[in-house]
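Novice: Residue numbers (our numbering): 66 to 313.
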Amino acid sequence: MSKLIIANWKMNPRSRREAQELARASDTEGLVICPPFVFLDDVSMALSRSKLGAQDAFWEEDGPYTGEVSVEELKDLGVEYVIVGHSERRNNLGETDEMIAKKMLAVLRAGITPILCVGETRMEREDGKTKEVIGRELEIDLSEIFNFQFSILNSLVIAYEPIWAIGTGTPDTPENMLDMVKFIKSRLSGIFKVISHKLRVQIIYGGSVNGKNAELFLKHPEIDGALVGGASLEPDEIKKIVEIGKKH
Ligand code: PGA
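Set out below in structure tokens:
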């Protein structure tokens, strides 16, 4: 099965023209492009093969929430995926697991696919607390949706992104990722009360993925794709990652 590759442009590029150019140059089947909100419409118009994603969404439908963007507004622009709970939002903006839980509910209710990001800090990893942290994040982040229909839950995407691996050029090892996939699956089966082999939730890896190391992760059938930041700003790199994903 071909892999799910997500391009997270973060707060890049700086202009509409650059965003359109980057979108046109990256447009590939099998890729989801998540530009900043302000470029969603331009990017949408530039794409014919890739799908459109957003980097966040607010949980209320409308109202007095200055600066926020609702799932309905995103849907109207053709957004099919939303990144929820990225560590940069958790750390820079104080986004809590309780807020993330509300966002997960709003996104799923709107019929958009959420990409829930979880990950531990370097210190938590060194202290042997990775599973404790990820387990807690999953438990709270999914607490509003645990009783959803099975078919809807199966549309979830979970991105395991160790914080220390993001933007550092040092990815996690594929072996650890495989261990985390097993752990995440077993936690999900506990939360959703289903046998783990029936779960079809996609579990993807993020953190310093590039054209050179993508194969190490994507060759494993257990790893369903990659969330790519820095390398997604280079069309040749992201296309290479998508190609690798198609081989496996
Ligand atoms: P990176 O970012 O690929 O630049 O490490 C990944 C992410 O933050 O989603």
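All C-beta atoms, glycine included, are put in the ideal place defined by N, C-alpha and C. Computed from a predicted structure; not experimentally measured.
Return the chain-ordered ranges of every alpha helix (DSSP H) run that is complete within the region 83-152 and spans a minimum of 4 residues.
Specialist: Fully enclosed alpha helix (DSSP H) runs of 4 or longer: 105-111, 136-141.
Novice: What residue range does the beta strand (DSSP E) around valine 183 cover?
Specialist: Segment 178-183, the beta strand (DSSP E) holding valine 183.
Novice: So, under 8 Å CB-CB, leucine 283 and histidine 313 are touching, yes? Tell me the CB distance rounded to an integer number of Å.
Specialist: At roughly 5 Å, the Cβ-Cβ gap stays under 8 Å, so leucine 283 and histidine 313 are in contact.
Novice: Under the rule that 16 or more other beta-carbon atoms within 10 Å means buried, what is leucine 221, buried or exposed?
Specialist: It counts as buried.
Novice: Which same chain residues end up closer than 7 Å to asparagine 275 when comparing Cβ atoms and leaving out the 5 residues on each side of it in sequence?
Specialist: Ala296, Glu302, listed in sequence order.
Novice: Would a C-beta distance cut-off of 8 Å place isoleucine 306 and isoleucine 70 closer than the cut-off?
Specialist: Yes.
Novice: Could you give the residue range of the alpha helix (DSSP H) that holds asparagine 241?
Specialist: That run of the alpha helix (DSSP H) goes 239-257.
Novice: Quick check: what's the CA-CA separation for glutamate 81 versus alanine 88?
Specialist: The amino acid occupying residue 81 in the given sequence is arginine; glutamate does not appear at that position. Taking the straight line joining both Cα atoms gives about 10 Å.
Novice: Helix, strand or coil: how does DSSP classify valine 222 here?
Specialist: Strand at valine 222.
Novice: Does the region 241-251 come into contact with the region 205-220, if we say contact requires no fewer than three beta-carbon pairs (one atom in each stretch) closer than 8 Å?
Specialist: Segments in contact, no.
Novice: By alpha-carbon positions, which one of Gly150, Gly95, Phe104, Val97 ends up nearest to alanine 122?
Specialist: Alanine 122 has its Cα closest to that of Gly150, out of Gly150, Gly95, Phe104, Val97.
Novice: Let's test the definition: count the other Cβ atoms within 10 Å of the Cβ of valine 103 and tell me whether it reaches 16, buried, or not, exposed.
Specialist: So valine 103 ends up on the exposed side.
Novice: Could you check if serine 91 belongs to the surroundings of the ligand PGA, using beta carbon to heavy atom distance under 7 Å?
Specialist: Checking the Cβ of serine 91 against the ligand PGA gives no.
Novice: What are the partner residues of leucine 264, as DSSP defines its beta bridges?
Specialist: According to DSSP, which records beta bridges pairwise, leucine 264 is partnered with nothing at all.
Novice: Can you tell me whether DSSP reads leucine 170 as helix, strand or coil?
Specialist: Residue state, collapsed to three classes: helix.
Novice: Let me confirm a value: leucine 203 is counted as buried when at least 16 other C-beta atoms fall within 10 Å, else exposed. Which label applies?
Specialist: When all chains shown are included, leucine 203 counts as buried.
Novice: I'd like to confirm something about alanine 296: is its beta-carbon nearer than 7 Å to some heavy atom of the ligand PGA, or not?
Specialist: Result yes, Cβ under 7 Å from the ligand PGA.
Novice: Distance check for proline 78 and threonine 235, CA to CA, integer angstroms please.
Specialist: C-alpha separation (whole angstroms): 23 Å.
Novice: CB isoleucine 177 to CB valine 144, shorter than 8 Å?
Specialist: Closer than 8 Å, so yes.
Novice: Using 10 angstroms around the beta-carbon of isoleucine 260, count the other beta-carbons present and answer buried if the total reaches 16, otherwise exposed.
Specialist: Looking at its Cβ environment, which holds fewer than 16 other Cβ atoms inside 10 Å, isoleucine 260 is exposed.
Novice: Would you kindly work out how many angstroms separate the C-alpha atoms of glycine 255 and lysine 196, rounded to a whole number?
Specialist: Each residue's Cα considered, the two are about 14 Å apart.
Novice: State the start and end residues of the unbroken beta strand (DSSP E) segment that holds isoleucine 288.
Specialist: No beta strand (DSSP E) holds isoleucine 288; DSSP gives it neither H nor E.
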